[in-house]
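Undergrad: Please find one structure pasted underneath; my questions will follow.
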Amino acid sequence: MENYGTLIKKIRQEKGLSQKDIYEGIMTRQTYYLIETNTSMPSFDKFLMILEKLFISVNEFLYILDPEVFPTENYLYHQLSQAVFKKDETRLSLLLDKSQQLYTSTNNKKYLHLNLITQAMTYLNDKQMEPDSLYRLKELMLPIKEYLIGIDKWYLYELKLLNNSLYSFELSEAIALGTLVGKKIDVLGNMEQYQDIKLRIYLNLSSLCLNRQDYDNVLFFSTLAKENAQTDYRLFEKVIAHLNYEIAQTTKHKQAKNSNITNYLTILETLGYQKTVLEYKNILKSCAIAL
Numbered sequence: 001m002e003n004y005g006t007l008i009k010k011i012r013q014e015k016g017l018s019q020k021d022i023y024e025g026i027m028t029r030q031t032y033y034l035i036e037t038n039t040s041m042p043s044f045d046k047f048l049m050i051l052e053k054l055f056i057s058v059n060e061f062l063y064i065l066d067p068e069v070f071p072t073e074n075y076l077y078h079q080l081s082q083a084v085f086k087k088d089e090t091r092l093s094l095l096l097d098k099s100q101q102l103y104t105s106t107n108n109k110k111y112l113h114l115n116l117i118t119q120a121m122t123y124l125n126d127k128q129m130e131p132d133s134l135y136r137l138k139e140l141m142l143p144i145k146e147y148l149i150g151i152d153k154w155y156l157y158e159l160k161l162l163n164n165s166l167y168s169f170e171l172s173e174a175i176a177l178g179t180l181v182g183k184k185i186d187v188l189g190n191m192e193q194y195q196d197i198k199l200r201i202y203l204n205l206s207s208l209c210l211n212r213q214d215y216d217n218v219l220f221f222s223t224l225a226k227e228n229a230q231t232d233y234r235l236f237e238k239v240i241a242h243l244n245y246e247i248a249q250t251t252k253h254k255q256a257k258n259s260n261i262t263n264y265l266t267i268l269e270t271l272g273y274q275k276t277v278l279e280y281k282n283i284l285k286s287c288a289i290a291l
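Take 1 as the starting number for the sequence shown in full-length UniProt numbering and just add one per residue.
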């Protein structure tokens, strides 16, 4: 990492911190000076302590240092979602090349996973899928499935990986992996970031099952989503969880109407989610539920 010390110094100065604010309790002034002048590289534990005092994460630091060489995971997946949403084949192709290049140079499996998901999304983005596309999708997702099943505990990366790859799996496999979340999540599972991504997994699974008319699993995953969306700042997620649950219940009982569904759609409209409301109206039409 060339010029790492120059960047540490720049961030320190921008935050109005002195050298003493950073090195005190970690190392001597002389040792820290050698770091800021790119003469000496700190050990990894000292590097983490320096970043802690600068109030910056490792990912942020590496991305600022060189966004081309050290693109953050969130940035890369944002690029993927934008390319899929806009059906931008050029951007998908660039991301395929970039993820392959990163995997080749670092041998880090997270870039292999990104490459596989990007390939899968390329298939799913093609409305004229070839007859063997479903087999190819299953083949692409196998390493991710084996990775998730093969480790004892899931941390934040594994949860994000599952959430990003859900729509590339067959429904039965997505459901099977989703049921493992409660069993494989690690002891830090009560942290806010874990709760947020776990909630998104349950919501996405309930929506995926709703689109496939698997109402029993809609009820199962929307119930889990409701349990994980109890705080006020998750209002949107709470409404979606309840909405999916009510649609599944109404359909299973062959009811023609449910006032709760109308109320939840009204809340979404009030919050400004008109596009989401339109998507749900199409689902209600396919389920023969009147508003």
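For each residue, glycine too, the CB sits at the ideal point set by N, CA and C. This structure is a prediction, so every number in the text was calculated from the model and none was measured.
Three or more C-beta pairs under 8 angstroms: does that hold for the segment 203-223 against the segment 158-173?
TA: In short, these stretches touch, since the Cβ pair count reaches three.
Undergrad: Tell me which residues share the same chain as R200 and place their Cβ nearer than 7 angstroms to its Cβ, disregarding the 5 neighbours each side in the sequence.
TA: Result list for R200: N163, in chain order.
Undergrad: On a CA-only basis, which of T6, Y280, I64 is nearest E246? Give me that one, please.
TA: Closest by alpha carbon: Y280.
Undergrad: Put K160 into one of helix, strand or coil per three-state DSSP.
TA: If DSSP states are grouped into helix, strand and coil, K160 belongs with the helices.
Undergrad: Could you compute how far the alpha carbon of E146 sits from the alpha carbon of K138?
TA: Rounded to whole angstroms, E146 to K138 spans 12 angstroms at the Cα level.
Undergrad: Confirm, please, whether the CB-CB distance from L140 to A120 is below 8 angstroms.
TA: Going by C-beta atoms, A120 is nearer than 8 angstroms to L140.
Undergrad: Go through its chain and collect everything with a Cβ distance to T195's Cβ below 7 angstroms, but skip five positions before and after it.
TA: According to the sequence as given, residue 195 is Gln; it is not Thr. Excluding positions up to five away in sequence, the list reads N228.
Undergrad: Within the chosen definition, does the segment 37-53 reach the segment 15-27 through at least 3 CB pairs nearer than 8 angstroms?
TA: The segment 37-53 vs the segment 15-27: in contact.
Undergrad: Quick one: what does DSSP say I56 is sitting in, helix, strand or coil?
TA: In the structure shown, I56 sits in coil (DSSP, three-state: anything other than H, G, I, E or B).
Undergrad: Excluding sequence positions up to five away, which residues of its chain have a Cβ less than 8 angstroms from the Cβ of I26?
TA: Taken in chain order, the residues that qualify are Y32, K46, M49, I50, K53.
Undergrad: Taking the Cβ atom as the reference point for each residue, do T118 and L102 lie within a distance shorter than 8 angstroms?
TA: No, Cβ-Cβ distance for T118 and L102 is not below 8 angstroms.
Undergrad: State the Cα-Cα distance for the pair Q230 and G150, rounded to the nearest angstrom.
TA: Q230 and G150: Cα-Cα distance of roughly 32 angstroms.
Undergrad: Identify whether A288 lies in helix, strand or coil by the three-state DSSP scheme.
TA: In this structure, A288 counts as coil in the three-state DSSP scheme.
Undergrad: Can you give the Cα-Cα distance for N3 and K98, rounded to whole angstroms?
TA: Whole-angstrom Cα-Cα distance: 23 angstroms.
Undergrad: Pick from N244, K109, V239, L116: whose alpha carbon is nearest that of F221?
TA: Among N244, K109, V239, L116, the Cα nearest to that of F221 is on N244.
Undergrad: To the nearest angstrom, report how far apart P143 and L161 are at their CA atoms.
TA: Approximately 12 angstroms, taken between the alpha carbons.
Undergrad: Just the Cα atoms here: how many angstroms apart are N107 and E14?
TA: When rounded, the distance between both Cα atoms is 34 angstroms.
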